[in-house]
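Working notes, beginning with the structure itself.
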Amino acid sequence: MDAEEQARNNMVIKQIENRGISNQSVLQSIKKVPRHLFVPPAYRHAAYGDHPLPTSCGQTISQPYIVALMTELLVPQKHHKALEIGTGTGYQTAILAELVQEVYTIEIYSQLQETAKNTLTSLGYQNIRFILGNGYEGYLAAAPYDLILVTAAPPYLPENLVEQLALGGTMVIPFGKNRQMLYVISKNKDGSIHRKEILPVVFVTMQDRKPLN
């Protein structure tokens, strides 16, 4: 076992399992995905630490526990189709790709998207579709989605994302104007929506504008 693999296993045990994450598929995917490859070189020494890290374009890669929690809350299954809002460095994208049939991932910064695409392609992922776009709009062409995961915080719940969630689907999203809260949004079979508060969080603000090259 090399140093990165040992650090990753320690991260899973101490930061994730010890805080109550128990979904074995989620834990195995986090043990497998080399987080240090998704972190800028200047911060790779801290890739398995218990904190978020800065990336390019003023964005961040989330704390490992938050990645694990949000993924577990989705209850991903192998037959699911997922939409991710905010590709970032591609780490959360990789975790999802390990767990579902297909991932559509939207990023507003072309620089981040290109870097993430190169990393994920080099690792052999073939079930990820990359979209450069505004996350508030979602991606109607492939809707509906069994799962939607949002990795930046809008001030309110975007209606387009609610509409693109399949009946019986689940969305995990942080949002709030003055105080961000992580929510699980469930769309019932009759189309009604149920919100469940999970915990207060701090995410970068979700951008509502055209993509940046």
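Here this note's numbering is used: the first residue of the sequence shown is -4, the next is one more, and so on. From the three backbone atoms N, C-alpha and C, an ideal C-beta is built for every residue, glycine too.
Between the region 136 to 151 and the region 160 to 172 there are three or more C-beta pairs closer than 8 Å, enough to call the two in contact.
The bridge partners DSSP lists for threonine 165 are Leu142, Ser181. When DSSP states are grouped into helix, strand and coil, isoleucine 103 belongs to the coil group. In this structure valine 197 is exposed. Its beta-carbon is surrounded by fewer than 16 other beta-carbon atoms within 10 angstroms.
Per DSSP, the unbroken beta strand (DSSP E) holding leucine 78 starts and ends at 76 to 80. At a Cβ-Cβ threshold of 8 Å, leucine 115 and isoleucine 123 count as neighbours. Collapsing the DSSP output to three states places arginine 30 in a helix. DSSP places isoleucine 188 inside the beta strand (DSSP E), whose first and last residues are 188 to 195. In the three-state scheme derived from DSSP, where H, G and I count as helix and E and B as strand, leucine 94 is classed as helix. The beta carbon of alanine 92 is closer than 7 Å to those of Val98, Tyr120, Asn122, Ile123 in its chain, skipping five residues each way along the sequence. In this structure, the beta-carbon distance from glycine 133 to methionine 201 does not fall below 8 Å. In this model, isoleucine 80 and glutamine 1 are separated by some 30 Å (Cα to Cα). Per DSSP, arginine 124 is one residue of the beta strand (DSSP E) stretching across 123 to 127. Following the DSSP letters along the chain, one finds arginine 3 inside the alpha helix (DSSP H) bounded by residues -2 to 6. Counted as a single uninterrupted DSSP element, the alpha helix (DSSP H) harbouring tyrosine 60 occupies residues 59 to 69. Taking a C-beta distance under 8 Å as the contact criterion, leucine 160 and tyrosine 178 do not qualify as a contact pair. Beta-carbon to beta-carbon, alanine 77 and valine 62 are separated by about 14 Å, too far to satisfy the 8 Å threshold. For serine 51, the closest C-alpha among the options Glu109, Val21, Lys205 is that of Glu109. In the displayed model, isoleucine 16 falls within coil according to three-state DSSP, outside both helix and strand.
With respect to serine 24, isoleucine 90 sits close: the two C-beta atoms are nearer than 8 Å. Here leucine 22 carries a helix assignment [DSSP, helix/strand/coil].
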